[in-house]
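*Asks:*
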Amino acid sequence: MEEAPLALVTTKGDVRSLNASMAQLLSRPAAECEGRSFISLLPEHQREMGASFLAHVRASGTPSFRVIEFPVPDGSTVASLMEGALVPSGPGESLVRVRAVDSGKDDDGLLIPFRITAKTAGLTLVGRRGDHIVWLGGSAGLAGLVSEPSLSLRSAFQRVHTQDKSALRGLLRGTAASHEWTPLRLRLHDEGWTHLACQIRRLRLGYSGREQTIGIVRDDTQAETRRLALLARRRQEQERADLLQAISFALIRATMEEELRQVVLTRATGTLGADGALLALVRGRSLEVVSDGGDHPELAQAIDGMPVAGPQLLPFVVRTGSPEFITDRAEYVRRGPRRSRLLRLGSGASICLLPLTRGDPRLGALVMTYNERHDWSPDERALVRLVAELVGQALQRIRKQKIRDDLATSFEDSLKPTMPQRLAGIELAARCEPAQDGLSVSGDWYDAFVLKDGVLTLAIGDAQGHDAHAAAFMALVRTSIRAIAAHEHDPGIILAHTNDVLTSMNVESFASCALLRFDRHKAKITGASAGHVPLVRLRNEAPGYLIETLPSGPLLGVLEGASYPDTTFDLGKGDAAVLVTDGVVEGPRLSIDDGIRRVAGIAARAARDGCDAQTIAQRVLGCSAEIGQVDDAAVVVVRHV
1 MEEAPLALVT TKGDVRSLNA SMAQLLSRPA AECEGRSFIS LLPEHQREMG
51 ASFLAHVRAS GTPSFRVIEF PVPDGSTVAS LMEGALVPSG PGESLVRVRA
101 VDSGKDDDGL LIPFRITAKT AGLTLVGRRG DHIVWLGGSA GLAGLVSEPS
151 LSLRSAFQRV HTQDKSALRG LLRGTAASHE WTPLRLRLHD EGWTHLACQI
201 RRLRLGYSGR EQTIGIVRDD TQAETRRLAL LARRRQEQER ADLLQAISFA
251 LIRATMEEEL RQVVLTRATG TLGADGALLA LVRGRSLEVV SDGGDHPELA
301 QAIDGMPVAG PQLLPFVVRT GSPEFITDRA EYVRRGPRRS RLLRLGSGAS
351 ICLLPLTRGD PRLGALVMTY NERHDWSPDE RALVRLVAEL VGQALQRIRK
401 QKIRDDLATS FEDSLKPTMP QRLAGIELAA RCEPAQDGLS VSGDWYDAFV
451 LKDGVLTLAI GDAQGHDAHA AAFMALVRTS IRAIAAHEHD PGIILAHTND
501 VLTSMNVESF ASCALLRFDR HKAKITGASA GHVPLVRLRN EAPGYLIETL
551 PSGPLLGVLE GASYPDTTFD LGKGDAAVLV TDGVVEGPRL SIDDGIRRVA
601 GIAARAARDG CDAQTIAQRV LGCSAEIGQV DDAAVVVVRH V
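Quick note on UniProt numbering: the sequence shown kicks off at 1 and runs consecutively.
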């Protein structure tokens, strides 16, 4: 007969001695065990049990019994009933004798700790022949699912879900980790799948007992139901977030009310599940329908022109900012005002009326129709209300942007110069190319006008910068020159007064300018410059051009009280003057002097080719793209014909 495992342990818990059977049970050589804490030699999940076992012996002085599990090298576990008792060792000293007690055939006693572990679950045992599973008891809820005390393995495999059969085989063969829960779906009744979690333990009940296989079974059906419900809710929330994101992106991309209408129609009917949708927008004192109503064109006709102050339910929604969800005609009659004209829907149709804003401004409403009865969940109501508010925000943005665009267009139009038409003996052309995309005006500018004395006045200039601020400053310079030129004729005096106006305003900008007066009767040009580039005079004589550098004063808006001298030169019949800004003649690879000579050559060749002023200006401006400079560019050509 096999010797029972035994060890002598000090009251502090250190191993004094042990026999070979105990060393084998602890899966360590005896020499390695002696002197060490008996508790430390136990499996980690059994140390708390072992500590309370020894503590009870020391405190009570009476024998104590515990079932302790010991893992063995072959992967199974020995569940042994251990006795602890104090024994004398010498004068004033006692030891604790720890030994395995032969439980005889009391397997139920050795299964007590496993029953305790499984008290909220269930305990099973694989029969000795390995062909059936025996129910050993457990929670009342799980016991109610078990209609038979035992179940054949064949029947178990028939009831288990197809995808879980391999997991069940792994449990029975012992390939699954003993302390991990393996999920299994088992059809125990006709109601559906029962979700179980299982652990399999290979046990020897007693140090000399035979190996058996027990299972701890937990019913996770309710937990799985909650998990699936949570996943479904998260999926719904994600779908809702994705839907809102898609609708938001579509609304952001809409730049006109027509595009907004298309978004509403496609998203409301295609994504939100409605059979029809329309937008009713406030236009003055009534509602205007901007879509066809889908399956209910008669609904659109009924709403179009409806007074905002009217008694109908839709105007009420627009005025109050409170949505209405109507499941059928009877509910509409019950909730609508007494004088409300019925919306033309079938008796079983549903409709929701959603204000685009919850207060001022009153924008209108989104109307969504359903051919059959529709009951909105709280989440769905919140979703469609949010969509309507997003539509309202997009509509406000589009309208505000249109106001800005109209204002910007009007501003740009006001800045564009108007050239005199059909001047006797004069051919006039001008071109301007802004450097910044989106602007039709820039800091470079030109102007031409005829005063009461019949003399043509020409101006070209370059204000600091390329943006809207430069354009606004340019407009100030141009307006000042026109106003002063109505009272002063000399270009130098006009520039001096304009400079005084700008410096008195303390503006942080400046501009160059060339100002000319062309008297065709005298064939004379009188001009002055405020830091502007030279002009080109085209002549019929070789080499075909002259470069005129006007006497110059400082840039406009820089030095208070500055003066600007005049100069006069001839412009006979057939001759022309070409004025440009530095964007035409100066670049990273080209100096102003070289650029002026280049422009003079291009203009002279165009004149020899018989080109008119318009073509000369176009050719000169075209060369500005070749100098590698991103700058505003302007050209003015005046020709004496």
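Here a beta-carbon is modelled for each residue, glycine too, at the ideal position from N, C-alpha and C.
No experiment lies behind these values; they were computed from the predicted model shown.
So is Arg-283 buried or exposed if we call it buried at 16+ other beta carbons inside 10 Å?
*Replies:* Under this definition Arg-283 is an exposed residue.
*Asks:* Pull up the distance between the alpha-carbon of Ser-340 and that of Glu-331, whole angstroms please.
*Replies:* Here the model assigns Ser-340 a pLDDT of 49, short of 50, so the residue's position is not dependable, and the following value carries that caveat. Distance between the alpha carbons of Ser-340 and Glu-331 is about 13 angstroms.
*Asks:* Under 8 angstroms between the Cβ atoms of Leu-476 and Phe-510?
*Replies:* Result no, Cβ atoms of Leu-476 and Phe-510 do not sit closer than 8 angstroms.
*Asks:* Please name the residue, chosen from Thr-182, Leu-516, Arg-226 and Gly-192, that lies closest to Gly-215 on a Cα-to-Cα basis.
*Replies:* The residue with the shortest Cα to Cα distance from Gly-215 is Thr-182.
*Asks:* Is the shortest distance between the beta-carbon of Gln-312 and the beta-carbons of chain B less than 8 angstroms?
*Replies:* Judged by its chain identifiers, the structure shown contains no chain B, having just a single protein chain.
*Asks:* Tell me, please, which residues DSSP counts as bridged to Thr-182.
*Replies:* Beta-bridge pairing links Thr-182 to Cys-198.
*Asks:* Kindly provide the ranges of any beta strand (DSSP E) runs that are 3 or more residues long and lie completely inside the segment 210–259, ordered along the chain.
*Replies:* For the segment 210–259, whole beta strand (DSSP E) runs of length 3 or above, ordered along the chain, are 211–219.
*Asks:* Three-state secondary structure (DSSP) at residue 728?
*Replies:* Shown here, the chain extends from 1 to 641; a query on residue 728 therefore has no answer.
*Asks:* Assuming residue 642 is part of the alpha helix (DSSP H), what are its boundary residues?
*Replies:* As shown, the chain starts at 1 and ends at 641. That puts residue 642 outside it, with no answer to give.
*Asks:* Which residues mark the beginning and the end of the alpha helix (DSSP H) in which Pro-91 is found?
*Replies:* Run containing Pro-91: none; DSSP gives neither H nor E here.
*Asks:* Within the same chain, show all residues whose beta-carbon is closer than 7 angstroms to that of Ser-89, passing over the 5 residues directly before and after it, in chain order.
*Replies:* Correct list, in chain order: Leu-95.
*Asks:* Where does Gly-192 sit, in a helix, a strand or coil, going by DSSP?
*Replies:* Correct three-state label for Gly-192: strand.
*Asks:* DSSP three-state label for Glu-380, please.
*Replies:* Residue state, collapsed to three classes: helix.
*Asks:* For Asp-582, count neighbouring Cβ atoms within 10 angstroms of its own Cβ and tell me buried if that reaches 16, exposed if not.
*Replies:* The residue in question, Asp-582, is buried, as its Cβ has 16 or more Cβ neighbours within 10 Å.
*Asks:* Counting Cβ pairs closer than 8 angstroms, one from the segment 213–227 and one from the segment 192–204, do we hit at least three?
*Replies:* As far as the Cβ criterion goes, the segment 213–227 touches the segment 192–204, which means the pair count is three or higher.
*Asks:* Between Gly-209 and Val-134, what straight-line distance do the alpha-carbon atoms span, to the nearest angstrom?
*Replies:* Between Gly-209 and Val-134, the C-alpha separation is close to 19 angstroms.
*Asks:* According to DSSP, is residue 642 helix, strand or coil?
*Replies:* Because the chain spans 1 through 641 in this model, residue 642 falls outside it and cannot be assessed.
*Asks:* Under 8 angstroms by Cβ, that's how I've got Ala-459 and Asp-447 pegged, so tell me the actual separation to the nearest angstrom.
*Replies:* Right, the Cβ-Cβ distance comes to about 5 angstroms (below 8 angstroms), so this counts as a contact.
*Asks:* In terms of residue numbering, what span does the beta strand (DSSP E) encompassing Ala-461 cover?
*Replies:* The residue asked about is misnamed: residue 461 is Gly in this sequence, not Ala. 456–463 is the extent of the beta strand (DSSP E) around Gly-461.
*Asks:* CA-CA distance, Asn-19 and His-132?
*Replies:* When rounded, the distance between both Cα atoms is 39 angstroms.
*Asks:* Does the distance from the CB of Thr-567 to the CB of Pro-551 come in under 8 angstroms?
*Replies:* In contact: Thr-567 and Pro-551 (Cβ atoms closer than 8 angstroms).
*Asks:* For the structure I just gave you, are there three or more beta carbon pairs, one from the segment 23–34 and one from the segment 48–57, closer than 8 angstroms?
*Replies:* No, because fewer than three Cβ pairs between the segment 23–34 and the segment 48–57 fall closer than 8 angstroms, the two stretches do not touch.
*Asks:* Give the range of the alpha helix (DSSP H) segment to which Glu-48 is assigned.
*Replies:* 47–60 is the extent of the alpha helix (DSSP H) around Glu-48.
*Asks:* Taking buried to mean at least 16 other C-beta atoms within 10 Å of its own C-beta, is Pro-434 buried or exposed?
*Replies:* Pro-434 is buried by the Cβ-count criterion.
*Asks:* Which whole-angstrom value describes the C-beta separation of Ser-76 and Ala-100, a residue pair presumed to lie in contact below a C-beta threshold of 8 angstroms?
*Replies:* Not quite, the Cβ-Cβ distance comes to about 16 angstroms (not below 8 angstroms), so this is no contact.
*Asks:* Starting from the Cα of Ala-85, find the closest Cα among Thr-457, Gly-13, Ala-250 and Arg-605 and give me that residue.
*Replies:* Minimum Cα distance to Ala-85 is reached at Gly-13.
*Asks:* Consider the C-beta atom of Lys-522 and the heavy atoms of the ligand MN; say whether any pair is separated by less than 7 angstroms.
*Replies:* Annotation note on the ligand MN: not contained in the displayed structure, which lists no ligands.
*Asks:* With a CB to CB cut of under 6 angstroms and the five nearest residues on each side skipped, what residues in its chain are close to Phe-325?
*Replies:* These residues qualify, in order along the chain: Cys-352 and Trp-376.
*Asks:* Using the Cβ count rule (16 or more neighbours within 10 Å means buried), how would you classify Gln-307?
*Replies:* One point to set straight first is that residue 307 is Pro, not Gln, in the sequence displayed. Burial call: exposed.
*Asks:* My guess is that Val-317 and Ala-365 are in contact by the Cβ rule of under 8 angstroms, so how many angstroms apart are they, rounded?
*Replies:* Indeed, because the Cβ distance is near 6 angstroms, the residues count as touching under 8 angstroms.
*Asks:* Is the distance from the Cβ of Leu-260 to the Cβ of Ala-408 below 8 angstroms?
*Replies:* No; because the gap between Cβ atoms is not below 8 angstroms, this pair is not in contact.
*Asks:* Since Ala-530 and Pro-554 should fall inside the 8 angstroms C-beta cutoff, what is the C-beta to C-beta distance between them, to a whole number of angstroms?
*Replies:* Sure, about 7 angstroms apart at Cβ, within 8 angstroms.
*Asks:* Comparing C-alpha positions only, which one of Leu-172, Asp-164, Ser-166 and His-487 sits nearest to Ser-152?
*Replies:* Among Leu-172, Asp-164, Ser-166 and His-487, the Cα nearest to that of Ser-152 is on Leu-172.
*Asks:* Anyone know if the C-beta pair for Leu-451 and Ala-486 falls short of 8 angstroms?
*Replies:* Their beta carbons are under 8 angstroms apart, which means Leu-451 touches Ala-486 by this criterion.
*Asks:* Quick check on this structure: which residue in Gly-276, Asp-405, Glu-412 and Ala-634 has the alpha carbon closest to the alpha carbon of Cys-513?
*Replies:* The shortest Cα separation from Cys-513 among Gly-276, Asp-405, Glu-412 and Ala-634 belongs to Ala-634.
*Asks:* Where does Gly-595 land, buried or exposed, given buried means 16+ other C-beta within 10 angstroms?
*Replies:* Answer is buried; the Cβ neighbour count reaches 16.
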